[in-house]
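Protein chains in written order, with this note's numbering: chain A, 571 to 706; chain B, 571 to 706. We treat Cβ as the ideally placed atom computed from N, Cα and C, and that holds for glycine. Computed from a prediction, not measured in an experiment: that's the story for all the values here. Below you'll find the structure, written out as structure tokens, and then a few comments.
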């Protein structure tokens, strides 16, 4: 069976990363590792390591993405929790067999080879959960 | 200066821990370490280790606590993110000096000696953040 190994990241959706960095970098003292454009998500993401996890600050770069609408409706805040697993495909099969509501029925693949999938908040008690499997 | 070392836990507020455990334990495969009454928070908390962090499922045990009202208003979901630091008092001083809005101006202490404090979501881009310092 697939094993859940750690919190890979928590993701906050923000309208102004500089405002968010004032707390997470300047206040809490985390390092800003990098800021990257993620065109397939229509977003720009800042990565701040925290132990074996990261805090990710996600800024929508278009007004019509799901992320942009989420931000417009709720304001800045938590967007999702990402749990690293050793096999996203196996975990999705297991969750499907358990009757859990998924957003992605099979793994999606990022440009860097990372496999991931999202689980519907209805299945998790209200939290959008991303599963994440590092490229080998 | 105080150092932030890891995500100590993420806390979900839930009305029925058995429903939440169906996903986090039975689905995702996390172990249920223990379930404890936390009378000072009018809550019962289930702890599930995940790497160097925990997932905490928090069920309000009275109807009139802040937590119970939060649950009644928003339904189950993310409640806060807890960041472990090596010195909560020093971090609070640093955040105060930076003009960040705090909920606790000085560290609070749990029965087990853990020092903690909450930071207002207004300061953090929309997430309730707990600072946490292990008892020595």
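Below-8 Å beta-carbon distance, residue i vs any chain A residue
i, result
"residue 715(B)", "A query on residue 715(B) cannot be resolved here, the shown segment of chain B reaching from 571 to 706 and no further."
"residue 593(B)", "yes"
"residue 646(B)", "yes"
"residue 668(B)", "yes"
"residue 621(B)", "yes"
"residue 581(B)", "no"
C-beta neighbour in chain B for residue i, strict 8 Å
i, result
"residue 688(A)", "no"
"residue 584(A)", "yes"
"residue 628(A)", "no"
"residue 704(A)", "no"
First through last residue of the alpha helix (DSSP H) which encompasses residue i
i, result
"residue 581(B)", "No alpha helix (DSSP H) holds residue 581(B); the beta strand (DSSP E) holding it covers 574–583."
"residue 694(A)", "691–694"
"residue 589(A)", "587–591"
"residue 641(A)", "636–644"
Nearest-angstrom Cα separation, counted from residue j out to residue i
i, j, result
"residue 575(A)", "residue 627(A)", "22 Å"
"residue 592(B)", "residue 633(A)", "36 Å"
"residue 654(B)", "residue 580(A)", "15 Å"
"residue 603(B)", "residue 625(B)", "10 Å"
"residue 613(A)", "residue 666(A)", "29 Å"
"residue 660(A)", "residue 687(A)", "12 Å"
"residue 682(A)", "residue 600(A)", "25 Å"
"residue 696(B)", "residue 596(B)", "30 Å"
"residue 620(A)", "residue 590(A)", "15 Å"
"residue 668(A)", "residue 637(A)", "28 Å"
"residue 623(A)", "residue 646(A)", "21 Å"
"residue 685(A)", "residue 701(A)", "8 Å"
"residue 652(A)", "residue 615(A)", "14 Å"
"residue 639(A)", "residue 630(A)", "9 Å"
"residue 606(A)", "residue 605(B)", "40 Å"
"residue 703(B)", "residue 693(B)", "20 Å"
"residue 658(B)", "residue 677(B)", "6 Å"
"residue 690(B)", "residue 648(A)", "14 Å"
"residue 584(B)", "residue 644(B)", "10 Å"
"residue 573(B)", "residue 598(A)", "8 Å"
"residue 586(A)", "residue 680(B)", "35 Å"
"residue 674(A)", "residue 577(B)", "27 Å"
"residue 582(B)", "residue 609(A)", "31 Å"
"residue 664(A)", "residue 672(B)", "42 Å"
"residue 656(A)", "residue 699(A)", "16 Å"
"residue 642(A)", "residue 635(A)", "11 Å"
"residue 594(A)", "residue 662(A)", "32 Å"
Unbroken beta strand (DSSP E) run spanning residue i, endpoints
i, result
"residue 623(B)", "623–630"
"residue 618(A)", "613–620"
"residue 608(B)", "604–608"
"residue 700(A)", "699–703"
Contact set between residue i and chain C, taken where Cβ atoms lie within less than 9 Å
i, result
"residue 693(B)", "The displayed structure is made up of protein chains A and B, and chain C is not among them."
Residue i CB to nearest heavy atom of the ligand FMN below 7 Å
i, result
"residue 621(A)", "Looking for the ligand FMN in the displayed structure turns up nothing, as the structure carries no ligands at all."
Quiz item: Quick one, which residues of the region 586–616 of chain A are near chain B if we go by CB-CB under 7 Å, in chain order?
Solution: 589, 590, 593, 596, 597, 598, 599, 600
Quiz prompt | Sequence ranges, alpha helix (DSSP H) only - wholly within the region 645–670 of chain B, length at least 4 | solution = 658–667
Practice problem: Compile a chain-ordered list of the residues in the region 668–684 of chain B whose CB is closer than 8 Å to at least one CB of chain A. | Solution: 668, 670
Quiz item: According to a CB-to-CB cut-off of less than 7 Å, which residues of the region 631–662 of chain A neighbour chain B?
Solution: 645, 646, 647, 648, 651, 653
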